[in-house]
Amino acid sequence: MQKFTGQLIHSPMGFKLTLSIIIFSSLITILTTGFQLVSDYKSDVDRIDRQFNNIEKVNLDVLAASIWVIDERLINTQLHGLIQLPDITYISINDDSGQEWIEGEPSLENTIERTFDLSYRSGNEQIPVGTLLIQADLKAVYDKLLDRAIIILLTNAIKTSIVAGFILFLIWYMVTRHLHRLSQYCQNIDLDSPFEPLSFEQSENKNDEFRQVSLAINTMQQQLRASFSDIKRSKQELQDALTDRERLLALETSYKEELSSQVKEKTQELEQSVLVLKRAQEVLVEQEKMAALGGLVSGVAHEINTPIGICLTAASSQLNHIDELIKVIHSEHATLEELNSILEEHQVSCELIVNNITRASSLIQKFKTVAAQQSQEEKRSFNLQQELVDSHESVKVLFPEIKVELQLDLNPALYIKTNHNLLKQIITNVLSNAYSHAFKHVDTPVINIKAQLDDQQLNIFIQDNGSGINEEDSTRIFEPFFTTSRHKGGTGLGLSAAFNATTLLKGGIKLVKNSELGGACFHIDFPVDEGEEEQVDSDIFFENLD
């Protein structure tokens, strides 16, 4: 019994549920009691109003007649009778002459009062004779309501306590004791001990929730024991695996040490091989330099030997002509025709010498251009469109037989600041290459030049509608002395000079494969500064003339 009482009192769930029931029942009781008291109060007030109405219907005419005849005995008798009515505590009558009849004690609070006019009927005329004041005291009503409220609250409190105690007992009997049993069972679970199934008292033969809970917990415990057995077995296997791992780690360490020694040996061998390769590379570089130098020397010798050989042949021929001229002059039979013939041949030889010496000088100047370092000319500002037009005009003079349409796509007001001579050299050589090779079988030659400035980087696209450059030659077009028209006097130095000048401007030049016009397209780009229009002085003017 003591255990039952302790569990019943110290059950948190039962206590919370009981407290909730008491609070809820108390709220309902207070609300219903309030509604009932309000209803009773209205009923009492209505009852008093009915008494007032009855007095008005029954007693007013009798009182008015008594006052008309001033029958004080009858008036007092009627007042004494009215004061005996329930809840009536005070009555007063005032006639029109100022006389007053009073019964009872007046009250200033907790009262209901009604005033009636007293009129005497004489024939069809109503004659006012006074007023009737009636007071009903509500104290008795309030006391009755208070007593009723106390009785209702006490009754409901006792009822609620009994119901709450009974519910607390039911909760203990149906829930709490089973939960306590479940808690003790879960605390005593030991997976190493034999399995004991969970059972609840008086629930074995009932298919209720606790029966389902016991079956679920027993099933879960069996599964847990099976899993625990698997874990123990896995733990043993893991320990065996750890032992094998330690053995393998020791073996791996020995392998690593052996591999490290082998790597060191191989590294030393590779270092020796790298040194050998570096020496071989240096030898190959020197050989490549010598081969390039040999090719350059061969090209220079080939280009220079031809005009010099012609000059030597012409000079030798001039010596023979001079000997012949001397013989003719000292001859007695010399004629004017012979002298003129010798002088004409001498003139032809002189022109040949002058032309070839001029060609050799031009070749040497081009060689100097190809090998030159960056020009020491300071950067200056100029209009890009005007410079492109001037460069095209200077090239067009050298090829008067070719009529080319020049198309410009750039901002006419674009001024840039860069090395003027290097830019002119690039544009002139690219345009000369187009005039020399592009328009052999073109009826209407067109050259399109597009330029745009993008974040201090100038991009120039020069393209034509000519025959283009084949795939094999496109990889060598910037090599010195490479030309496809050497038999027509080409030296192969134009695009090479343009490449060197672009490099000196810290930019680049490349051949674009797909051209809008179908011919060759060169993309030139290098950094520039935005320039402003400047006054052209005399030195620059004469420089442009030269």
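Counting the sequence shown from 1 gives a position; our numbering is that position plus 354.
Cβ atoms here follow ideal geometry from the backbone N, Cα and C, with glycine treated the same way.
Here the structure is a predicted model, which means the values were calculated and not measured.
When C-beta atoms of the region 810 to 819 are compared with those of the region 870 to 879, three or more pairs fall below 8 Å, so the two segments count as touching. Here the alpha carbon of residue 760 sits roughly 30 Å from the alpha carbon of residue 732. Between residue 459 and residue 485 a beta carbon distance of about 19 Å is seen, past the 8 Å cut, so the two are scored as non-contacting. DSSP places residue 445 within a strand segment (E or B) once states are collapsed to three. Residue 826: member of the alpha helix (DSSP H) spanning 825 to 828, first to last residue.
Assigned with DSSP and collapsed to three states, residue 819 falls in coil, not helix or strand. Straight-line spacing of the CA atoms in residue 803 and residue 740 works out to 12 Å.
With respect to residue 848, residue 856 sits apart: the two C-beta atoms are not nearer than 8 Å. Just measuring C-alpha positions, the residue of 522, 687, 756 and 384 sitting nearest residue 797 is 756. Under the three-state reduction of DSSP output, residue 777 falls in the helix class. Across the structure, residue 462 and residue 438 are spaced so that their CA atoms are roughly 20 Å apart. For residue 496, the enclosing alpha helix (DSSP H) starts and ends at 493 to 525. If you ignore the 5 residues before and after residue 491, its C-beta comes within less than 7 Å of the C-beta of 441, 443, 461, 464 and 465, all in its own chain and listed in chain order. In the displayed model, residue 490 falls within a strand according to three-state DSSP. Residue 535 and residue 574 have their alpha carbons spaced roughly 17 Å apart. Taking a contact to require three or more Cβ pairs closer than 8 Å, the region 468 to 483 and the region 415 to 425 qualify as touching. Approximately 25 Å separates the beta-carbon atoms of residue 754 and residue 714; this is outside 8 Å, ruling out the contact. Here DSSP, grouped into helix, strand and coil, assigns residue 792 to coil.
Per the C-alpha coordinates, the member of 565, 523 and 884 positioned closest to residue 737 is 884.
Within a 10 Å sphere around the beta-carbon of residue 684 sit fewer than 16 other beta-carbons, which makes this residue exposed. Rounded to the nearest whole angstrom, the C-alpha separation of residue 522 and residue 539 is 23 Å. Per the C-alpha coordinates, the member of 814, 859, 850 and 837 positioned closest to residue 866 is 814.
Between residue 511 and residue 503, the alpha-carbon positions lie close to 12 Å from each other. Bounds of the beta strand (DSSP E) holding residue 876 are 875 to 881. The DSSP assignment places 414 to 423 as complete runs of the alpha helix (DSSP H) inside the region 381 to 427, in order along the chain (cut-off: 4 residues). Residue pairing for residue 805: DSSP places it in a beta bridge opposite 814. Cβ neighbours of residue 406 within its own chain (closer than 7 Å, five residues either side excluded): 468 and 488.
Counting C-beta atoms within 10 angstroms of its own C-beta, residue 675 has 16 or more neighbours from the protein chains shown and is therefore classed as buried. DSSP lists 735 and 883 as the beta-bridge partner residues of residue 771. Judged by DSSP in its simplified three-state form, residue 472 adopts strand.
Between residue 780 and residue 852, the gap from beta carbon to beta carbon is short of 8 Å. Nearest in C-alpha terms to residue 553, of all of 546, 533, 506 and 545, is 533. Between residue 768 and residue 742, the CB-CB gap reaches or exceeds 8 Å. As computed with DSSP, residue 857 is found in no beta bridge at all.
Rounded to whole angstroms, the separation of the alpha carbons of residue 564 and residue 372 is 22 Å.
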